[in-house]
Amino acid sequence: MRASKARISPTGSCSVTPAGWTKCFPSCGHSPESRESPGCWPKKSPKSNESMKPHPVIPTPPAQRWKDFKRTGVPVLVFGICTFLAMSLWKSNFATSALVGEAEIVQASVTSPQAGSLTQVQVARLDPVAQDQILAYVVTTPPKVAENSLAVIKAEIAVIQSGMAEALDQQRNAMSWEQLQLDLMNHRIEFAAASISLRYAELELERATKLYQDKLVSDERLDLARSTREQAKSRRDGLASVIDALSPRLEQLGGESGQKMADAAARSVRAAIAVQEEKLRLAEAQMQPIPLLAPIAGHVTTVFKRTGENLEAGESIMTITSDRSERVTAYLRQPLSVQPHKGMPVILVTRGARREQIDAVVQQVGVSWEPIPASLLPRGLEADRGLAISVGLPGHLKVRPGELLEIRFQPSGDTAGN
Numbered sequence: 000m001r002a003s004k005a006r007i008s009p010t011g012s013c014s015v016t017p018a019g020w021t022k023c024f025p026s027c028g029h030s031p032e033s034r035e036s037p038g039c040w041p042k043k044s045p046k047s048n049e050s051m052k053p054h055p056v057i058p059t060p061p062a063q064r065w066k067d068f069k070r071t072g073v074p075v076l077v078f079g080i081c082t083f084l085a086m087s088l089w090k091s092n093f094a095t096s097a098l099v100g101e102a103e104i105v106q107a108s109v110t111s112p113q114a115g116s117l118t119q120v121q122v123a124r125l126d127p128v129a130q131d132q133i134l135a136y137v138v139t140t141p142p143k144v145a146e147n148s149l150a151v152i153k154a155e156i157a158v159i160q161s162g163m164a165e166a167l168d169q170q171r172n173a174m175s176w177e178q179l180q181l182d183l184m185n186h187r188i189e190f191a192a193a194s195i196s197l198r199y200a201e202l203e204l205e206r207a208t209k210l211y212q213d214k215l216v217s218d219e220r221l222d223l224a225r226s227t228r229e230q231a232k233s234r235r236d237g238l239a240s241v242i243d244a245l246s247p248r249l250e251q252l253g254g255e256s257g258q259k260m261a262d263a264a265a266r267s268v269r270a271a272i273a274v275q276e277e278k279l280r281l282a283e284a285q286m287q288p289i290p291l292l293a294p295i296a297g298h299v300t301t302v303f304k305r306t307g308e309n310l311e312a313g314e315s316i317m318t319i320t321s322d323r324s325e326r327v328t329a330y331l332r333q334p335l336s337v338q339p340h341k342g343m344p345v346i347l348v349t350r351g352a353r354r355e356q357i358d359a360v361v362q363q364v365g366v367s368w369e370p371i372p373a374s375l376l377p378r379g380l381e382a383d384r385g386l387a388i389s390v391g392l393p394g395h396l397k398v399r400p401g402e403l404l405e406i407r408f409q410p411s412g413d414t415a416g417n
């Protein structure tokens, strides 16, 4: 800054510089040339003193104060409110539980008791089923084998009839009951063969109908299948009528002929007839399809075999899953934060849109460390082992099988097992 220069009047009076300071040169005893002497000190002018007085404080308008508050105070207030709400929501809805359990999935497999062919499957995937409901049938005896078995029985009956020819002349009246029984057995054999023919005629008609609907066969083929079925049905019904007519007559004559047959020949004939009777019953039982019943109530979740496929003994055909679960299974990982025990109180929390909480108790505790299923592993962990616990699921709590639930140990039960 450029220094201000004082002007000296001829009389030696003081002059005020532009900066407002007065320097007295003659009155200080110094010449103008020595005005820089340290003995001469500057003094404030009265005008300068008036300019240095404190000014009154200018009041800040309320609008300006509100503007400053919105710029500095509102963000802090909003941040605090959001933090409080986030902590409240996390605590009430998203707080991690001690365990994550899975509602037990109860499944039952429907298997074939014998090797055979699957027929008349009456359910499909996701269909509801009741316990002991018929799901399908298994034909264990092929048609050719059944026909051959019946032919063998018929031939053996013919042998018995030929052996009775000599005794028939003398004991015709006594042997009438056996002859009538043999005739009835022949009719039953023919009835069984007719039933087999009718069954396969119905299957052929069903197959032809499906092919006709898909426009793969002609009308003549469909009519032929229908005609074959009607003929087989008529023949079977006719044989059934004959059997129904002979059975009462056979029962009526049974007592009288039984008393008259006392000789050894008659007894041997009766024994041979009894053997053939049992063989015929066995053949009839083998020809009947075996019904497959639902072991539990629920829904069909998996179907492994279709109509017409061959089966091995014990081979699985379909799987049925129960609609409800009775317990929740979870796994405690090491280190154990609590010592679970039977009867320990816990809280089950659902994971739906409406989180329900209900009291429950631990039913069973595992005795060894087991591999934890992938559905219950924490995110990012591929494999681990845990101690299995089973928690009873109240019946009124609506939980689907396989649904995940949170298991929270109540404070009163945390150390009960220590």
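For the sequence shown, numbering that gives the first Met the number 0 assigns the number 0 to the initial residue and increments by one for each residue that follows.
Ideal placement from N, C-alpha and C gives every residue a C-beta, glycine not left out.
- prompt: Any idea which residues DSSP pairs D358 with across the strands?
  reply: I346
7 Å Cβ shell around L204 - same chain, five flanking residues per side excluded: A224, R225 and R228
query: For H186, which three-state DSSP category applies?
result: helix
task: State the start and end residues of the unbroken beta strand (DSSP E) segment that holds A387.
output: R384 to G391
- prompt: Looking only at DSSP bridge pairs, what is A293 linked to?
  reply: Per DSSP, none; premise fails for A293.
- prompt: Going by beta carbon distance, what residues of the same chain come within less than 7 Å of E155, once the five residues before and after it are set aside?
  reply: Q275
message: I need the DSSP call for R407, collapsed to helix, strand or coil.
response: strand
Terminal residues of the beta strand (DSSP E) in which Q106 lies: Q106 to T110
message: Taking its Cβ as the centre, do 16 or more other Cβ atoms sit within 10 Å of G100, making it buried, or is it exposed?
response: buried
message: Assuming I133 and T320 are in contact, meaning their beta carbons sit under 8 Å apart, how far apart are those beta carbons, in whole angstroms?
response: So it is not a contact: roughly 19 Å between Cβ atoms.
field: Spatial neighbours of Y199 in its chain, beta-carbon cut-off 7 Å, leaving aside the 5 residues before and after
entry: P142
message: One question on the structure: do Q130 and I295 come within less than 7 Å of each other, judged by their Cβ atoms?
response: yes
- prompt: Hey, which unbroken runs of the beta strand (DSSP E) at 3 residues or more fall wholly within the stretch 96-150?
  reply: 98-102, 106-110, 115-118 and 133-138
message: Helix, strand or coil for T301? Go by DSSP, reduced to three states.
response: strand
field: DSSP-derived helix/strand/coil call for A329
entry: strand
task: Assess, as a yes-or-no matter, whether the stretch 363-378 is touched by the stretch 388-395 under the definition of 3 or more beta carbon pairs within less than 8 Å.
output: yes
query: According to the Cβ coordinates, are T306 and T118 closer than 7 Å?
result: yes
field: Segment contact, 8 Å Cβ cut-off, at least three pairs: the stretch 298-313 with the stretch 107-115
entry: yes
Within 7 Å, strictly: CB atoms of A207 and L197: no
- request: Buried or exposed for G79, please, with buried defined as at least 16 other CB atoms from any protein chain shown within 10 angstroms of its CB.
  value: exposed
message: Taking a contact to mean a Cβ-Cβ separation below 7 Å, would you say L238 touches F190 in this structure?
response: yes
- prompt: Hey, S108 and T318 are a contact pair by Cβ (cut 8 Å); roughly how many whole angstroms apart?
  reply: 6 Å
query: Would DSSP call E369 helix, strand or coil?
result: strand
message: Quick check: E286 and T140, are their CB atoms within less than 7 Å of each other?
response: It should be noted that the sequence gives Met, not Glu, for residue 286. The answer is yes: Cβ separation under 7 Å.
Residues that M317 bridges to, as DSSP identifies them: V109 and V302
message: To the nearest angstrom, how far is the alpha carbon of Q121 from that of D322?
response: 20 Å
query: Straight-line CA distance for N185 to L215?
result: 41 Å
- request: Kindly give me the distance between the Cβ atoms of H298 and L125, rounded to whole angstroms, as I take these residues to be in contact under 8 Å.
  value: 6 Å
- prompt: Among residues of its own chain, excluding the 5 on either side of L331, which ones have a beta-carbon nearer than 6 Å to its beta-carbon?
  reply: G385 and L386
- request: May I ask you to report which of helix, strand or coil DSSP gives Q230?
  value: helix
- prompt: Tell me which same chain residues have a C-beta within less than 7 Å of the C-beta of P290, skipping the five on either side of it?
  reply: I133 and Y136
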